[in-house]
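Numbering-wise (the numbering used here), the sequence shown opens with residue 20 and increments by one.
Note that beta-carbon positions come from the ideal geometry of N, C-alpha and C, so glycine has one too.
Report on the structure given below.
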Amino acid sequence: MAQHAGAEDRRCLIEKIFQDTQEWEQEMKTSRLASIALVLSVMVFVPVTSQARMTGSAIMEFIKSYDQCEDKDCNPGDSARSLAFMMYVTGVIESPYNTWSDFSLPPGITRNQICSVVSQYIREHPDMSDEGAAMLVMKAIIHTFPNNKSKDGTK
């Protein structure tokens, strides 16, 4: 009986190792896809930003892909455009030219939460589609997370 229990434990351990291996392989595939998406998004953005400014209507295509991926219904093309949108928003917010004085992000906010705010704001303001995409990102952030401190640091 004890020998049977030992064999059962080994079988469970082997199954667990096999399952962990499959999960690791899936994570590696996802990581590779993210790397490919990063390279593709750079290839897409570099010519656009060097030739002309990106407008709200141009970034809307990326937002559509981002929203599709948020709903867990995206293909590799949507995934690449979604990642490009997230990188663009992050780049605007973290730009060295951004003084951080007009908005205050709450502690613990995630990149996804910030991108969702930007996505919603741009979708709700189609009248601003001719404005620059970076300006729209900043307007969304300032509108949602205003800095409530005065110039001297008090509220």
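Inter-residue distance for Val108 and Asn167 is about 22 Å (C-alpha atoms, whole angstroms). Using a Cβ distance threshold of 8 Å, Ala152 and Gly96 do not count as a contacting pair. Pro165 has Phe122 as its beta-bridge partners, per DSSP. With respect to Arg142, Ile82 sits close: the two C-beta atoms are nearer than 8 Å. Ranked by Cα distance from Glu150, the first of Met79, Glu34, Gly110 is Met79. In the DSSP assignment, Asn94 falls outside any alpha helix (DSSP H) and carries neither an H nor an E. Where Arg130 is concerned, the enclosing alpha helix (DSSP H) starts and stops at 130-143. By the C-beta density criterion, Asp121 is exposed, having fewer than 16 other C-beta atoms within 10 angstroms.
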